[in-house]
Each structure stands twice: as C-alpha cells, then as structure tokens.
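Structure first, commentary second.
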Amino acid sequence: MRSSNPVFSRRGFSRDNGYANFNAAPQAGAPVAGANPYATNPYAQPDAQYGAPQAPARSGVMTIDDVVTRTALTLGTVVAGAAVAWALLPVDEANLNKSYGIAIGAALIAFVLSLVQSFKRTPVPALIIAYAAFEGVFLGVISSAVSTYIGPGVVMQAVMGTMCVFAGVLFAYKMRWIRVTRRFYGFVMAAAMGFMLLMVVNLLFAAFGGGDGLGFRSGGLGILFGVIGIVLGACFLALDFKQVEDGIAYGAPREESWLAAFGLTMTLVWIYLEMLRLLSILSGDD
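What follows is the structure in structure tokens.
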C-alpha cells in the first residue's frame, strides 16, 4: 500500500521496493508468527551458530536520527526562506502586488520541484532543499499579509497550533491510539480527494463568479472546512510516521531519510496553511 503523501506514493517504503507496507509490517525486533522471516524482512540474515534469522546492524541504513536531522534541515530552510521573504517582500499598499506575484511564482516553482522529486527514483537533496526554500518564500509573504491585515498574533498561533498537532499525532501514534491500517488509508485517501475536489470547485466558482465561490473559505463553512483540512493533515502525519517506522524496521537505505523529511515537511506545510486560514476566519469574525 502507498501513502497519501505524494512523495511516498511515488517512491514509498513498500514491500515491492524491499521495505514495509501497511499490511503486515512488524515492528523492529518483532517477528511475525508463522511467516517466513526472509519474506517479511529481506534484510534478515541467518545466525551463524543457530541458523535463526536476525536483522543485524547494517551500515548505510536509515535511522530515526537520520530522519530527524534531515527533517530539521528541511524545515529550517522553510523557516529561513519565510524570514527572508517577510523582511524583503513587504505587503504594504505600494508593494502588495509585487510581493504577491513573487509569492505565487515561488509557490509554483516549489510545486514543480516537488513533482520532479516525486517522480525520481532516488531522492535528490538539492531538489528537496530548493523546494523548501521556495515554499518558505511563499509562506513568508502569506504570513506577513495575515499578520498585517488580520492580526499580528495569528501567525504565531498558527505556528503553535501546527506544533501541537504534530506533537499530538506523534504521541497518539506512539501510544498506538492511532493504527494505520488499509481501512484507515482508504478512508484518508477518499476524504482527501473529496476535500481537494471541493476546493478546486470553490476556486473555479470564485474565479469566474466572483466573491468567495461556494463559501468554503469564509463563515461557518470556512471554519468547518478549515477543521477538516487540519484533521486530514493529522491523518497524513500518521501515514508518514507509519512509513518512516516501517522503513527503519526493514533497513531502508539512509538516503531514503531525505524522502521522509520531504514528506513530513509537505504535510506540516499543509497543516500550517489550514491552521492559518482557520485562525484568520475566526479572527475576522471577532
């Protein structure tokens, strides 16, 4: 099974590639009863003395430290890009159109870079870092505009909210309150496709009919869809955590940690934008 994350869906930790999938991936050190250990873990090796299979320590495999380090680097690049854009691209009346134009251009470049990386068979760190930098520029301008025209505290609230969602989902996942199964995956994918379809329809109505389209970006419906977007982002995080966990358990190559960082960064950007939109609507209703 593939993850909902576009990075993992193209080059995921599936058993087809020698890693784990969502069906029957054991935790590290936990054998599956009645299963051929070489079929479930392609990296298991027979013990020289007893002939029992084991998963030995191997150099060049992905570890949680690798994922944390790459994710911190990628997110740090996003934050740096946002800080530069906030400082150099003002959103006052004289520069608003120029800043918005640059932000939209940066978002398009980031989107193209993400697609290029998603269709590559191996991660390219330079592409991932470039994506993070351009995504940061986009987020910086949008955040500056929200801070200027909605409220200076909204951006910090969105950042704190994103961090709380990440911490909450990670805790729930580690406690096994969230179990990523095939049914969970199917539900998240169906909900995500429906959500994106509605957003596209709303955008088309807004573009050709004027106003707020179908009203999904303001008022009560806007609040509802903002909450749904954040919940979907939380579900994406759970899928990403599962893929990272399985990749580590099955000895994925160390370079795959860049894909893990890429996927987690994309998901966190999604959550931040939905959180920012939701808080902006709530602040506007006050």
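Numbering of the sequence shown is given in my numbering, commencing with residue 28 and proceeding in unit increments.
Cβ atoms here follow ideal geometry from the backbone N, Cα and C, with glycine treated the same way.
Euclidean distance between Cα positions of residue i and residue j
i       : j       : result
Ala-367 : Ile-298 : Because the chain spans 28 through 313 in this model, residue 367 falls outside it and cannot be assessed.
Val-258 : Gly-290 : 17 Å
Gly-87  : Phe-193 : 28 Å
Ser-284 : Ile-250 : 35 Å
Pro-58  : Leu-224 : Reliability of the predicted coordinates at Pro-58 is poor, the pLDDT of 37 falling under 50, and the value obtained from them is presented with this limitation in mind. So the alpha carbons of these two residues sit roughly 41 Å apart.
Leu-123 : Val-207 : 43 Å
Pro-33  : Ser-145 : Note that Pro-33 scores 48 on pLDDT, short of 50, meaning its location in the model is unreliable; the coordinates nonetheless yield the value given after this. Going from the Cα of Pro-33 to the Cα of Ser-145 covers about 7 Å.
Asp-93  : Ser-310 : 39 Å
Ile-131 : Glu-162 : 10 Å
Ile-255 : Gly-188 : 15 Å
Phe-165 : Ile-129 : 8 Å
Asn-229 : Phe-222 : 11 Å
Gly-103 : Arg-281 : 20 Å
Cys-262 : Gln-270 : 13 Å
Ala-279 : Ala-217 : 28 Å
Gln-72  : Lys-201 : Below a pLDDT of 50, predicted positions are generally treated as unreliable, and Gln-72, at 34, falls in that range; the measurement from the model is reported next regardless. So the two alpha carbons sit approximately 28 Å from each other.
Gln-81  : Ala-199 : Low per-residue confidence applies at Gln-81: pLDDT is 44, beneath 50, and the placement is therefore not dependable, though the value from the model is reported in the following sentence. Rounded to whole angstroms, Gln-81 to Ala-199 spans 29 Å at the Cα level.
Cys-191 : Phe-211 : 22 Å
Ile-156 : Leu-248 : 36 Å
Val-151 : Tyr-277 : 22 Å
Glu-272 : Leu-266 : 10 Å
Val-95  : Lys-125 : 36 Å
Ala-219 : Arg-209 : 15 Å
Local Cβ density within 10 Å of residue i, reported as buried at 16 or more and exposed below that
i       : result
Pro-179 : exposed
Ser-176 : Note on residue identity: the sequence assigns Tyr, not Ser, to residue 176. Classification for Tyr-176: exposed.
Ser-41  : Only weak support exists for where Ser-41 lies, its pLDDT of 42 falling under 50; the value from the coordinates is given anyway. Ser-41 should be labelled buried.
Ala-110 : exposed
Trp-113 : buried
Val-215 : buried
Glu-301 : buried
Val-196 : buried
Glu-120 : exposed
Leu-231 : exposed
Gly-260 : buried
Val-296 : buried
Ile-91  : exposed
Residue-chain proximity (residue i, chain D), Cβ-Cβ < 9 Å
i       : result
Val-111 : Protein chains in the displayed structure number just one, and chain D is not present.
Within 9 Å, strictly: CB atoms of residue i and residue j
i       : j       : result
Gly-213 : Met-89  : no
Val-173 : Val-186 : no
Met-226 : Phe-268 : no
Ser-141 : Leu-303 : no
Val-105 : Thr-292 : yes
Leu-306 : Gln-184 : yes
Val-143 : Leu-154 : yes
Ile-308 : Gly-246 : yes
Tyr-127 : Val-118 : yes
Cβ separation of residue i and residue j, assumed to be a contact under 8 Å, to the nearest whole Å
i       : j       : result
Ala-287 : Arg-148 : Incorrect: roughly 16 Å between the Cβ atoms, too far for contact.
Val-168 : Leu-100 : The Cβ separation is near 23 Å, so there is no contact.
Tyr-158 : Ala-137 : 5 Å
- Can you give, in chain order, each stretch of the alpha helix (DSSP H) that sits fully within the stretch 197-239 and has at least 4 residues? 209-236
- In chain order, each alpha helix (DSSP H) run of at least 4 residues that lies wholly inside the stretch 81-119: Counting only unbroken stretches of 4 or more residues, the alpha helix (DSSP H) elements lying wholly within the stretch 81-119 are 91-115, in sequence order.
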